[in-house]
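Colleague:
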Amino acid sequence: MNELNTNHPAKVFWTDFRCKPDEGPSAKLKRLIKAAGIGQIDMDGKFVAIKMHFGELGNMSFLRPNYAKAVADIVKELGGKPFLTDCNTMYPGSRKNALEHLYCAWENGFTPLTVGCPVIIGDGLKGTDDIAVPVAGGEYVKEAKIGRAVMDADIFISLTHFKGHEMTGFGGTIKNIGMGCGSRAGKTEQHSNGKPVINPERCRGCKRCLRECANHGLVFDEKRKKMTVDLEHCVGCGRCIGACNFDAISFAQDAAIKELNCKMAEYTKAVVDGRPHFHISLICDVSPTCDCHSGNDTPIIPDVGMFASFDPLALDQACVDACLKQTPLPGSQLTDAMADPHFHDHHDHFDNTNPNTEYKTCLAHAEKIGLGIRQYELVKVK
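Start counting the sequence shown at 1; every next residue gets the next number (full-length UniProt numbering).
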């Protein structure tokens with residue numbers, strides 16, 4: 001299952017959001033993923049991770065819990081044991097540890113009652129419960145730091161809200177998996193290429209981070225009662241960031257967009273390699289920036305539809321192609337940018353919305369390392 005045939009285009013199934021009077025979008029999503037072949041996966045008695053984004057508190061563009069329930073229902077019909085999962089964030093917010101993350105998910109409507117399965121934070125209480133997963137063919141990452149619960153699952157399914165993104169152009173399946181399944185240390189590795197710095201004003205001297213450092217990269221200043229970084233021994237793993245409850249540790253040097261894109265693709269490959277996987281992406285409420293923000297702007301294009309495939313790369317390529325065919329919505333960040341007297345047309349809705357980003361590197365590198373193929377056959381489900 002999931003062996004890619006590079007001699008033929010990958011099949012990507014899609015349907016629009018038009019519904020019959022007696023059928024809602026969640027029921028149509030069930031028909032889509034059945035048509036796309038999810039039933040080919042042997043789920044009987046297997047643990048099935050459904051990776052999605054629960055939305056930051058204040059944001060309202062994330063996928064509704066109804067869609068998650070539709071996927072969980074199908075998994076249970078096939079005999080699987082589903083759970084929704086996401087990993088903690090590396091930045092301050094309402095999802096940086098499992099307690100706050102769960103409260104956020106519940107407030108945004110994701111509970112066992114509403115989605116029909118448990119919600120489990122993939123990298124544990126403080127984002128330090130991860131496992132080193134080899135990246136076959138990795139050029140930037142040899143071992144990805146993935147949330148343990150994600151890797152403990154027998155089968156992996158991604159459920160993605162396809163949208164714009166202020167760093168990677170768009171947030172699609174590869175970003176949902178690669179960045180989303182990384183532990184706090186894993187997200188740090190993808191976002192940075194340097195070593196951490198400690199803000200002495202925020203450091204409480206609790207030494208919690210010291211217990212996570214395996215390389216003698218941290219030294220406690222007994223006189224000041226503050227933690228410091230030993231740059232000679234620090235390897236930049238980022239585990240200290242996950243251990244700090246007070247947001248005192250950060251990385252001063254961000255990775256370039258190209259490097260970030262490549263690392264995301266390699267993290268995605270680490271997650272899906274060696275086990276059955278299936279991917280779903282919904283192009284709706286296409287906000288210009290990520291659902292990680294505590295707010296969201298008006299959509300930049302109309303709702304397009306629901307897409308599904310066994311190939312995560314083909315799925316992202318099909319989704320971005322579908323988006324580029326749409327007419328920009330008035331009063332959005334995209335049309336505001338296009339109306340600017342100094343506007344430079346990149347002939348791409350995502351590049352025009354966030355001109356300092358690009359996504360093509362990610363797609364090209366994903367294909368290079370064998371994550372999937374960019375050629376696809378689009379199959380419509382009515």
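We put the beta carbon where it would ideally sit given N, CA and C, even for glycine.
With DSSP run on the structure shown, which of helix, strand or coil describes LYS20?
Modeller: Working through the sequence shown from its first residue, we reach residue 20 at position 20. Reduced to three states, the DSSP call for LYS20 is coil.
Colleague: In whole angstroms, what is the alpha-carbon distance linking ASN35 and TRP14?
Modeller: For the purposes of this step, residue 35 is identified with residue 35 of the sequence shown, where counting begins at 1. For the purposes of this step, residue 14 is identified with residue 14 of the sequence shown, where counting begins at 1. Position check: residue 35 holds Ala in this sequence, whereas Asn was assumed. Each residue's Cα considered, the two are about 9 Å apart.
Colleague: From which residue to which residue does the alpha helix (DSSP H) around THR160 run?
Modeller: Counting from one through the sequence shown, the residue named residue 160 turns up at place 160. Note, THR160: premise wrong, no alpha helix (DSSP H); beta strand (DSSP E) at 155 to 161.
Colleague: Would you list the one or two residues that DSSP bridges to VAL94?
Modeller: Taking the sequence shown and counting its residues from 1, one reaches residue 94 at position 94. Note that residue 94 is Ser in the sequence shown, not Val. SER94 is not bridged to any residue.
Colleague: If you compare alpha carbons, which of HIS277, CYS292, LYS142, ASP273 is closest to ILE41?
Modeller: In the sequence shown, the residue the question calls residue 41 occupies position 41. Minimum Cα distance to ILE41 is reached at HIS277.
Colleague: Along the chain, which unbroken stretches of the beta strand (DSSP E) at least 3 residues long are found entirely within the region 70 to 141?
Modeller: 81 to 86, 119 to 121, 130 to 134
Colleague: What are the residues that DSSP puts in a beta bridge with GLY305?
Modeller: Here residue 305 is taken as the residue at index 305 of the sequence shown, counted from 1. DSSP output for GLY305 lists ILE283 as bridge partner(s).
Colleague: Considering only DSSP beta bridges, list what ALA144 is partnered with.
Modeller: As a first step, residue 144 is located in the sequence shown; it is residue number 144 there, counting from the start. DSSP output for ALA144 lists VAL133 as bridge partner(s).
Colleague: Whole angstroms is fine: what's the gap from GLN317's alpha carbon to LEU363's?
Modeller: Translated into positions along the sequence shown, residue 317 becomes position 317. Translated into positions along the sequence shown, residue 363 becomes position 363. Roughly 8 Å separates the two Cα atoms.
Colleague: Given that a residue counts as buried once 16 or more other Cβ atoms are within 10 Å of its Cβ, and exposed if not, what is THR327?
Modeller: As a working mapping, residue 327 is identified with position 327 in the sequence shown. It counts as exposed.
Colleague: Tell me which residues share the same chain as ASP345 and place their Cβ nearer than 8 Å to its Cβ, disregarding the 5 neighbours each side in the sequence.
Modeller: Counted from its first residue, the sequence shown places residue 345 at position 345. Taken in chain order, the residues that qualify are MET338, ASN352.
Colleague: Taking just the CA atoms, how far does LYS76 sit from MET1?
Modeller: What you label residue 1 is simply residue 1 of the sequence shown in a count that begins at 1. What you label residue 76 is simply residue 76 of the sequence shown in a count that begins at 1. For MET1, the predicted structure reports a pLDDT of 49, less than 50, and the residue's modelled location is therefore unreliable. A value from the coordinates is still provided. Taking the straight line from one Cα to the other gives about 19 Å.
Colleague: Can you tell me the Cα-Cα spacing of LYS223 and CYS181, whole angstroms?
Modeller: Here residue 223 corresponds to residue number 223 of the sequence shown, with the count starting at 1. Here residue 181 corresponds to residue number 181 of the sequence shown, with the count starting at 1. Going from the Cα of LYS223 to the Cα of CYS181 covers about 39 Å.
Colleague: At a cut of 8 Å, does the region 153 to 168 reach the region 93 to 108 through at least three beta carbon pairs?
Modeller: no
Colleague: Using 8 Å as the threshold, is the region 265 to 282 in touch with the region 170 to 180, meaning 3 or more CB pairs across them?
Modeller: yes
Colleague: Rounding to the nearest angstrom, what Cα-Cα distance links GLY45 and ASP285 in this structure?
Modeller: Here the question's residue 45 lines up with position 45 in the sequence shown. Here the question's residue 285 lines up with position 285 in the sequence shown. Whole-angstrom Cα-Cα distance: 35 Å.
Colleague: Quick one: Cα of MET43 to Cα of SER158, how far?
Modeller: Sequence index remark: in the sequence shown, residue 43 carries index 43 (1-based). Sequence index remark: in the sequence shown, residue 158 carries index 158 (1-based). About 15 Å.
Colleague: Throw me the rounded Cβ distance for the GLU166 and CYS290 pair, which I believe falls under 8 Å.
Modeller: Translated into the one-based positions of the sequence shown, residue 166 becomes position 166. Translated into the one-based positions of the sequence shown, residue 290 becomes position 290. Yes, GLU166 and CYS290 are in contact; Cβ-Cβ is about 7 Å, under 8 Å.
Colleague: State the CB to CB distance for the pair CYS237 and ILE249, rounded to an integer number of angstroms; the pair is presumed to be in contact (CB under 8 Å).
Modeller: Within the sequence shown, the letter at position 237 stands for residue 237. Within the sequence shown, the letter at position 249 stands for residue 249. Not a contact, Cβ separation roughly 12 Å.
Colleague: Which of helix, strand or coil does DSSP assign to TYR359?
Modeller: As a working note, residue 359 is residue 359 in the sequence shown. Of the three classes helix, strand and coil, the one that applies to TYR359 here is coil, per DSSP.
Colleague: When DSSP labels each residue in this structure, what does MET151 get in the three-state scheme?
Modeller: Reading the sequence shown from its first residue, position 151 is the one you call residue 151. It is helical.
Colleague: Report the residue from ARG202, GLU212, ARG211, ASP247 whose alpha carbon sits nearest the alpha carbon of LYS226.
Modeller: Residue numbering aside, residue 226 sits at position 226 when the sequence shown is read from its first letter. If you compare the alpha carbons of ARG202, GLU212, ARG211, ASP247 with that of LYS226, the shortest gap goes to ARG202.
Colleague: How would you write the range of the alpha helix (DSSP H) that ASP221 sits in, first residue to last?
Modeller: One-based indexing of the sequence shown puts residue 221 at position 221. Where ASP221 is concerned, there is no enclosing alpha helix (DSSP H), although the beta strand (DSSP E) it sits in stretches over 218 to 221.
Colleague: Going by DSSP in three states, LYS380 sits in which element: helix, strand or coil?
Modeller: Position 380 of the sequence shown, counted from the first residue, corresponds to residue 380. LYS380: strand per DSSP, three-state reduction.
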